[in-house]
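Colleague: Note that the working numbering numbers the sequence shown so that position 179 is 1522, with each residue one more than the last. Glycine residues also receive a C-beta, built at the ideal position from the N, C-alpha and C atoms. The structure under discussion is supplied below as structure tokens; questions concerning it will follow.
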Amino acid sequence: MITIEYCGYHTHNPDRDLIFRPSGSSSYLFLLVLSPMRFTFQEKQEPVRAEPGACILYTPGVYQHYQAEKVFFNSYVHFFCEEDELAPYQLICNRLFYPESTDNLNWLIKNIYHESINRFDCSSLMIHHYVHQLLIELHRSRQSLGSRTDRQQNIYPELLSLRSHMLQNCSQPWSVEQLCGILNIGKSQFYRYYEMYFHSSPKEELLQARLQKARYLLTNDAMTVKQAAYMAGFQNICYFNRVFKKVCGCSPGEYRKNAAGQQTT
């Protein structure tokens, strides 16, 4: 039976925090990197840079030394299991690797975390199965040692710049095809990179930017609700009213009245 020692989902430590366990840990440690980090290995003199999406599986008793470049952000699972239980998966251990996708890995860690802290009925059995699913996902993923390809390394500043431009100009009718064309990559790559670096989707972020702009425009009494919606990038007023109430908890008209009331008090 696989058991959990510690588990963390979307964990933040202090900026530039350092983890140093020269004797390793008594458990296996699977770590999913969510912000740039530097890993030091005993056999290498220079630290190795790990980008978001990198993974490492430390075996018990192996030297662990890693530090965030700035923001410390990761997901991890410390677990106990017999060595022969791990053997069939033929996993890369004690070295950084990049699975083709981390979506399922992060989802599984999230489930393991919730089971471990809530202790539902049969949580121990669920954790056992979730960790096995995690190992299967790692086994099935195409894993590459070392660092990202040149294209992957260069995509971040391009994507960051495009994201900033999109959100600053959220009223424009952006499409995934248009964004992919600017970066010259396919849809699946675009979505994977976007999730990897920003932990969201362009649709979700664009919606939030448009709602934020709409809320600001609604404070101007000279503008109608319909005008505010269109200027914020919403082409369908019925959709705008529905999503505004769902996210903000009130209709655009009610929001305007509440905002006006706050200004006069």
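1) So the candidates are GLU1426, TYR1499, TYR1573; which of them puts its Cα closest to the Cα of LEU1478?
2) Is the segment 1368 to 1383 touching the segment 1413 to 1422, taking contact as three or more C-beta pairs under 8 Å?
3) Can you tell which of HIS1482, ARG1438, SER1418, ALA1430 has its C-alpha closest to the C-alpha of GLN1456?
4) May I ask which residues mark the beginning and end of the alpha helix (DSSP H) holding GLY1524?
5) Would LYS1569 be called buried (16 or more neighbouring beta carbons within 10 Å of its own) or exposed?
6) Within a Cβ cutoff of 7 Å, which residues of the same chain sit near GLY1367, ignoring the five residues on either side of it in sequence?
7) Below 8 Å on the Cβ atoms is my guess for PHE1382 versus PRO1395; work out the distance and round it to an integer in Å.
8) Name the one or two DSSP bridge partners that TYR1419 has.
9) Tell me which residues share the same chain as PHE1422 and place their Cβ nearer than 7 Å to its Cβ, disregarding the 5 neighbours each side in the sequence.
10) Which residues does DSSP pair with VAL1590 in a beta bridge?
11) Pick from ILE1452, CYS1513, THR1354: whose alpha carbon is nearest that of GLN1555?
12) Terminal residues of the continuous alpha helix (DSSP H) containing PHE1363?
13) Kindly indicate which three-state DSSP category ILE1498 falls into: helix, strand or coil?
14) Measure the CB-CB distance between LEU1560 and MET1574 and report whether it falls below 9 Å.
15) Starting from ILE1479, trace the alpha helix (DSSP H) in both directions and tell me its first and last residue.
16) Considering only their Cβ atoms, is the gap separating GLY1576 from GLN1511 smaller than 9 Å?
17) Based on the DSSP secondary-structure assignment, which residues constitute the bridge partners of ASN1449?
18) Can you tell me whether LEU1561 is helix, strand or coil according to DSSP?
19) Once DSSP output is grouped into helix, strand and coil, what is the label at HIS1408?
20) By the DSSP assignment, the alpha helix (DSSP H) with PHE1382 in it spans what residues?
21) Can you give me the C-alpha to C-alpha distance between SER1507 and GLY1524, rounded to a whole angstrom?
22) If you reduce the DSSP assignment to three classes, tell me which class VAL1414 lands in.
23) Can you give the beta carbon distance from LEU1361 to GLN1410, rounded, assuming they're within the 8 Å contact cut?
24) So PHE1587 and ALA1557 are in contact, right, with Cβ under 8 Å, and what is the actual spacing, rounded?
25) Round the Cβ separation of LEU1549 and TRP1517 to the nearest angstrom and send it over; I've been treating them as touching at under 8 Å.
Modeller: According to the data block:
1) GLU1426
2) yes
3) Reading off the sequence, residue 1456 comes out as Tyr, not Gln. Nearest of HIS1482, ARG1438, SER1418, ALA1430 to TYR1456, Cα basis: SER1418.
4) 1519 to 1526
5) exposed
6) TYR1401, PRO1403, GLY1404, VAL1405, TYR1406, GLN1407.
7) Their Cβ separation, rounded to whole angstroms, is 14 Å, which puts PHE1382 and PRO1395 out of contact at 8 Å.
8) GLY1351, LEU1374
9) ILE1345, THR1346, ILE1347, GLU1348, SER1370, TYR1371, VAL1474
10) Looking at the DSSP assignment, VAL1590 forms no beta bridge with any residue, so it has no partner.
11) CYS1513
12) No alpha helix (DSSP H) holds PHE1363; the beta strand (DSSP E) holding it covers 1361 to 1364.
13) DSSP places ILE1498 in helix when its eight states are reduced to three.
14) yes
15) Annotation for ILE1479: the continuous alpha helix (DSSP H) segment containing it runs 1466 to 1483.
16) no
17) Note: ASN1449 sits in no beta bridge, so no partner.
18) If DSSP states are grouped into helix, strand and coil, LEU1561 belongs with coil.
19) strand
20) Segment 1380 to 1382 is the beta strand (DSSP E) holding PHE1382; no alpha helix (DSSP H) there.
21) 16 Å
22) coil
23) 4 Å
24) 7 Å
25) 6 Å
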